[in-house]
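Chemist: Just so you know, full-length UniProt numbering puts 642 at position 642 of the sequence shown, and the rest follows in order with no gaps. Take a look at this one; I'll ask things after.
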Amino acid sequence: MFASINGQAQLTSLLNETYTSIGQLKSCLCSRSSRYAKTKIKGKRQERALSSQTLSPTINTFNNQKKYHYVASPSMPKDWFVTVAVPNTQWAHNRNYSQWNVSHTSAETFFKNKVKPVHNGWTKKMLPNYSKGVNPIRWHSMYMSRSRLLALEDAANTQEYNAAAQAEYLKAILPEDPELVIRRYESGRFASNEEAKDIYMKALLVTNRLTAEEATRRFSNQFGSSNTATTGTTNTGWNIFANQGNKPNGTEDQPLHVIMNPKKGSFFKELVPNLLRIGLLVGVVMYGFTYMQTKMLNVSQKEILPDQSEKKFRFTDVQGCDEAKAELQEVVEFLKSPEKFERLGAKLPGGVLLIGPPGTGKTLLARAIAGEADVPFFFASGSEFDEMFVGVGASRVRKLFAAAKERAPCIIFIDELDAIGGTRVTNDHQPYSRMTLNQLLVELDGFDQTEGIIVIGATNFPEILDKALTRPGRFDSKVHVLLPDVRGRKEILNLYLAKSPVAQDVDSGVLARGTPGLSGADLYNLINQAALRAAGLDKELITMDDLEWAKDKIYMGPERKSAVIEEKNRTLVAFHESGHAIVAIFTPDASPVHKATVIPRGSALGYVMQLPEKDELSWSKKQLLAKMDVCMGGRVAEEMIFGEDSITTGASSDMQQATKIARAMVTQYGMSEKVGTVLIDEQQEKLSPELQAVIESEVKRLINEAYNRAKKILSTKAKEHKRLAEGLLKYETLNADELKLVIQGKALENK
1 MFASINGQAQ LTSLLNETYT SIGQLKSCLC SRSSRYAKTK IKGKRQERAL
51 SSQTLSPTIN TFNNQKKYHY VASPSMPKDW FVTVAVPNTQ WAHNRNYSQW
101 NVSHTSAETF FKNKVKPVHN GWTKKMLPNY SKGVNPIRWH SMYMSRSRLL
151 ALEDAANTQE YNAAAQAEYL KAILPEDPEL VIRRYESGRF ASNEEAKDIY
201 MKALLVTNRL TAEEATRRFS NQFGSSNTAT TGTTNTGWNI FANQGNKPNG
251 TEDQPLHVIM NPKKGSFFKE LVPNLLRIGL LVGVVMYGFT YMQTKMLNVS
301 QKEILPDQSE KKFRFTDVQG CDEAKAELQE VVEFLKSPEK FERLGAKLPG
351 GVLLIGPPGT GKTLLARAIA GEADVPFFFA SGSEFDEMFV GVGASRVRKL
401 FAAAKERAPC IIFIDELDAI GGTRVTNDHQ PYSRMTLNQL LVELDGFDQT
451 EGIIVIGATN FPEILDKALT RPGRFDSKVH VLLPDVRGRK EILNLYLAKS
501 PVAQDVDSGV LARGTPGLSG ADLYNLINQA ALRAAGLDKE LITMDDLEWA
551 KDKIYMGPER KSAVIEEKNR TLVAFHESGH AIVAIFTPDA SPVHKATVIP
601 RGSALGYVMQ LPEKDELSWS KKQLLAKMDV CMGGRVAEEM IFGEDSITTG
651 ASSDMQQATK IARAMVTQYG MSEKVGTVLI DEQQEKLSPE LQAVIESEVK
701 RLINEAYNRA KKILSTKAKE HKRLAEGLLK YETLNADELK LVIQGKALEN
751 K
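Right, here's the structure in full:
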């Protein structure tokens, strides 16, 4: 609606026709009782208030038309939309009318809020309006300036269809005036989005309008309850849904098409984080590249030097491997007097391969060779060559041999040779892993055997070495360094015991017989454990008891002193172990009993240790049957003393060992008449059912026979069995001599 007003009466009549629901507006605009009307329209350019007097008609005309200032109200609700022409000749010059936005909240407060101008060329320098009820000073204290708040309100009022602008303005005024947020959102004139809904809900919660449960319910039904005017049109986001039955979400058949307007500066806001991420990634990559280059440079610049230790080892420091020392003696002679071999045209092998289990003294032998010949000793481990950097292994091999050539004659010792000398695979997914081995092969062929460089390698797994490495001309001399026998163990024990204070009762021969299968390193550990125990007990010397304690710890594990065992179970363990000992003592061809104990060690509650008088290189049938008899002695003792219903699971390991021996006698050793002297393949599923049945029957027969023999011995030696069990309950641990005394019924002195 647009109208021209020539006087006060025309304005009054027009307002009565247009705004029928606000009868108070007439008296508000037409009152002359004061200088200014109660409802004021503030003109921003002149910074003066417009009253009803300023709405009087003007006499100036232009082209026979009165000049007016237009007061428009696009910010009003839809049912209040109107355009009013107010005479103002100064602003109506050249018919360039300036519209004014008049905001209100209800019929009673029409024109109560201030005028909001829509700027054009004439009015863009006019000061912006600000919302009623918002204190600019308090907004400034919350890091939002007055101009910023006014700019947000300007954008929200002029872009009613822009949901982002509405949400940003609501967010700005929420902390200060939540009531204004509620009134503005519920008016339905402005576009809305999810963020605006959230701000509206926060305002309701802040003002205690509803609870959290009601907020959820109201949030889901917010748009469906709005009403729009049927007269007039407004440029608001709410009218977008007017033709869709007030359903802003659309349907599956008629989806809602939405166009999102990007925020100003969003491109740069997204660009800066992306640039930071890219810069961080590039920095990490560059740092890693620089680190790898530094490591490679350090590796390449590291000088390889021979062993600088002052101690020189001799062959006298290596015991228990006399055969290996004899084979390596010619290497020492060549390094000492090479002319003796060159005179006859003899050439020593380019490489010597030491083969043997861990701890047998392979490294010590290599050092002894260098010490005997008094030549530099270069030590390298196979695991040191290969690293995460490609080509480092091959480079280290080249530098190692180059440094050795400068200090020839010398010895190069490569420990754990299988780490780099393993068999090469043609379809290897990491071909660079073969570069180290290839370079080692080249270096072994690259020097003359008369240069005085001896390459010694050591390995525990000679079967996995590459054949090119062990062919003649490279590591063609193989020296086996085996576990020491009884004599070798005694020599090693004497070597280490000579360096420690020991008592007179220490017998290295007994220790050597009681330590089968131990290497030189194990024997050194045994003496060290005994020395630690003696020092812990404040002893001046290492006694035989300390050495026996250390041996039991190595074989059976540490004592379980904190284990709480009931007397009934302790008695059962004593009779069980006594059964083993009695069968072993009274069975021919059984190994002598060295010790019996009921002290828990490791997973065992007790044990009986048998020691052969010498190393057994092979076992006879009688010896195997005797071992089976001893294994079955524990189970037989439980049945005879406590009854068949009181047997325990303690004999499971004994039966497992007896079954293993019986099966080996039948399938591997040819000690069964029915099966014959044949070697049965380990994969017995390939055998015929008849042959498998025969094997099982023979195994069962051997075990039953061992059970019956053990039962016969314990039946005839029941008195000795009881004496030994009572002795174990009393003394807990008995050695071989004490066992004989207890069985004879004699008392033990100093025990």
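Note that beta-carbon positions come from the ideal geometry of N, C-alpha and C, so glycine has one too.
(1) Return the residue from the list Leu305, Thr470, Tyr707, Asn157 that minimises the CA-CA distance to alanine 404.
(2) Taking one C-beta from the region 491 to 507 and one from the region 452 to 459 each time, how about it: are there three or more such pairs within less than 8 Å?
(3) With distances taken between CB atoms, is the gap from valine 397 to leucine 440 smaller than 7 Å?
(4) Could you check the C-alpha separation between tyrosine 291 and serine 383 for me, to the nearest Å?
(5) Which residue comes first and which comes last in the alpha helix (DSSP H) that contains methionine 655?
(6) Nearest to arginine 663 by alpha carbon, out of Leu625, Ile647, Pro689?
(7) Is the beta carbon of alanine 658 sitting closer than 7 Å to the one on cysteine 631?
(8) Identify every residue that forms a DSSP beta bridge with methionine 609.
(9) Between which two residues does the beta strand (DSSP E) holding glycine 514 run?
(10) Quick one: Cα of alanine 191 to Cα of aspartate 154, how far?
(11) Under the rule that 16 or more other beta-carbon atoms within 10 Å means buried, what is threonine 597, buried or exposed?
(12) Compare the Cα-Cα distances from valine 331 to each of Pro357, Asp322, Ala366, Leu344 and report the closest residue.
(13) Give, in chain order, every unbroken run of the alpha helix (DSSP H) that is at least 4 residues long and sits entirely within the region 161 to 185.
(14) Taking the C-alpha atoms as reference points, what is the distance between proline 175 and isoleucine 278?
(15) Buried or exposed for glutamine 744, please, with buried defined as at least 16 other CB atoms from any protein chain shown within 10 angstroms of its CB.
(16) Alpha carbons only, please: which of Pro178, Arg513, Val675, Met201 is nearest the one belonging to aspartate 485?
(17) Evaluate the contact criterion for the region 548 to 557 versus the region 503 to 522: three or more CB pairs, one atom per stretch, below 8 Å.
(18) In chain order, what residues of the same chain lie with their CB nearer than 6 Å to the CB of phenylalanine 575, ignoring the 5 residues before and after it?
(19) Given a threshold of 16 other Cβ atoms within 10 Å of its Cβ, counted over all protein chains shown, does arginine 343 qualify as buried or as exposed?
(20) Which residue comes first and which comes last in the alpha helix (DSSP H) that contains serine 620?
(21) Given that a residue counts as buried once 16 or more other Cβ atoms are within 10 Å of its Cβ, and exposed if not, what is glutamine 166?
(22) Helix, strand or coil: how does DSSP classify glycine 457 here?
(23) Assign threonine 470 to one of three DSSP states: helix, strand, or coil.
(24) Using the C-alpha atoms, what's the distance from leucine 734 back to lysine 740?
(25) Give a yes or no on whether the C-beta atoms belonging to phenylalanine 586 and lysine 717 are separated by under 7 Å.
(26) Is the distance from the Cβ of proline 338 to the Cβ of aspartate 476 below 7 Å?
(27) Which stretch, first to last residue, makes up the alpha helix (DSSP H) that contains valine 694?
(28) Between the alpha carbons of proline 592 and leucine 748, how many angstroms are there, rounded?
(29) Per DSSP, what kind of secondary structure is leucine 497 in: helix, strand or coil?
(30) Excluding sequence positions up to five away, which residues of its chain have a Cβ less than 8 Å from the Cβ of leucine 729?
(31) Tell me, which residues are paired with glycine 536 by DSSP?
(32) How big is the Cα-Cα spacing for alanine 693 and valine 318?
(33) Tell me the DSSP secondary structure of leucine 547 in three-state form.
(34) Should methionine 655 and alanine 706 be called a contact, given that it needs their Cβ atoms to be closer than 7 Å?
(35) Return the first residue and the last residue of the beta strand (DSSP E) that alanine 380 is part of.
(36) Do glycine 520 and glycine 320 come within 7 Å of each other at the CB atom, strictly closer than that value?
Modeler: Based on what the coordinates show:
(1) The sequence position of residue 404 within the sequence shown is 404, counting from 1. The shortest Cα separation from alanine 404 among Leu305, Thr470, Tyr707, Asn157 belongs to Leu305.
(2) no
(3) Taking the first residue of the sequence shown as 1, we reach residue 397 at position 397. Taking the first residue of the sequence shown as 1, we reach residue 440 at position 440. Yes, these two residues count as a Cβ contact at 7 Å.
(4) Locating residue 291 in the sequence shown gives position 291, counting from the first residue. Locating residue 383 in the sequence shown gives position 383, counting from the first residue. If I take the Cα positions, the gap works out to 22 Å.
(5) As a first step, residue 655 must be located in the sequence shown, where it is residue number 655. Start and end: 652 to 667.
(6) Here residue 663 refers to the residue found at position 663 of the sequence shown. Looking at the Cα atoms, Leu625 is the closest of the given residues.
(7) If you number the sequence shown from 1, residue 658 lands on position 658. If you number the sequence shown from 1, residue 631 lands on position 631. Yes, the Cβ-Cβ distance between alanine 658 and cysteine 631 is below 7 Å.
(8) Within the sequence shown, the letter at position 609 stands for residue 609. Bridge partners of methionine 609: Lys595.
(9) In the sequence shown, the residue the question calls residue 514 occupies position 514. Per DSSP, glycine 514 belongs to no beta strand (DSSP E) and is neither H nor E.
(10) Within the sequence shown, the letter at position 191 stands for residue 191. Within the sequence shown, the letter at position 154 stands for residue 154. So the two alpha carbons sit approximately 15 Å from each other.
(11) For this step, residue 597 is matched to residue 597 along the sequence shown. By the neighbour-count rule (16 or more Cβ atoms within 10 Å), threonine 597 is buried.
(12) Taking the sequence shown and counting its residues from 1, one reaches residue 331 at position 331. The option with the nearest alpha carbon to valine 331 is Ala366.
(13) 163 to 173
(14) Position 175 of the sequence shown, counted from the first residue, corresponds to residue 175. Position 278 of the sequence shown, counted from the first residue, corresponds to residue 278. Approximately 38 Å, taken between the alpha carbons.
(15) Residue mapping note: residue 744 aligns to position 744 of the sequence shown, counting from 1. Exposed: under 16 other Cβ atoms inside 10 Å.
(16) Working through the sequence shown from its first residue, we reach residue 485 at position 485. Nearest option by C-alpha distance: Arg513.
(17) yes
(18) In the sequence shown, the residue the question calls residue 575 occupies position 575. So the list reads Ala637, Ile641, Ala725, once near-sequence residues are dropped.
(19) Position 343 of the sequence shown, counted from the start, is the residue given in the question as residue 343. Result: exposed.
(20) As a working mapping, residue 620 is identified with position 620 in the sequence shown. Careful: serine 620 lies outside any alpha helix (DSSP H) and carries neither H nor E.
(21) Along the sequence shown, read from residue 1 onward, the residue named residue 166 stands at position 166. Classification for glutamine 166: buried.
(22) For the purposes of this step, residue 457 is taken as the residue at position 457 of the sequence shown. Glycine 457: strand per DSSP, three-state reduction.
(23) Walking along the sequence shown from the start, residue 470 turns up at place 470. Note: threonine 470 maps to helix in three-state DSSP.
(24) On the sequence shown, position 740 is the one that residue 740 refers to. On the sequence shown, position 734 is the one that residue 734 refers to. Answer to the nearest angstrom: the Cα atoms are 9 Å apart.
(25) As a working note, residue 586 is residue 586 in the sequence shown. As a working note, residue 717 is residue 717 in the sequence shown. Contact flag set, yes.
(26) The sequence position of residue 338 within the sequence shown is 338, counting from 1. The sequence position of residue 476 within the sequence shown is 476, counting from 1. The answer is no: Cβ separation not under 7 Å.
(27) Here the question's residue 694 lines up with position 694 in the sequence shown. Per DSSP, valine 694 belongs to the alpha helix (DSSP H) from 689 to 716.
(28) Sequence index remark: in the sequence shown, residue 592 carries index 592 (1-based). Sequence index remark: in the sequence shown, residue 748 carries index 748 (1-based). Straight-line Cα distance between these residues: approximately 20 Å.
(29) The residue you call residue 497 lines up with position 497 of the sequence shown. Three-state result, leucine 497: helix.
(30) By one-based count along the sequence shown, residue 729 stands at place 729. Answer for leucine 729: Arg570, Thr571, Ala574, Val598, listed in chain order.
(31) As a working note, residue 536 is residue 536 in the sequence shown. Answer by DSSP bridge pairing: none, since glycine 536 is not bridged.
(32) The count along the sequence shown starts at 1 and reaches residue 693 at position 693. The count along the sequence shown starts at 1 and reaches residue 318 at position 318. If I take the Cα positions, the gap works out to 52 Å.
(33) Start at 1 with the first residue of the sequence shown, and residue 547 comes out as number 547. In the structure shown, leucine 547 sits in a helix (DSSP, three-state: H, G or I).
(34) Position 655 of the sequence shown, counting from 1, holds the residue named residue 655. Position 706 of the sequence shown, counting from 1, holds the residue named residue 706. The answer is no: Cβ separation not under 7 Å.
(35) Indexing the sequence shown from 1 puts residue 380 at position 380. Unbroken beta strand (DSSP E) run through alanine 380: 377 to 381.
(36) Numbered from 1 along the sequence shown, position 320 holds the residue referred to as residue 320. Numbered from 1 along the sequence shown, position 520 holds the residue referred to as residue 520. Yes, the Cβ-Cβ distance between glycine 320 and glycine 520 is below 7 Å.
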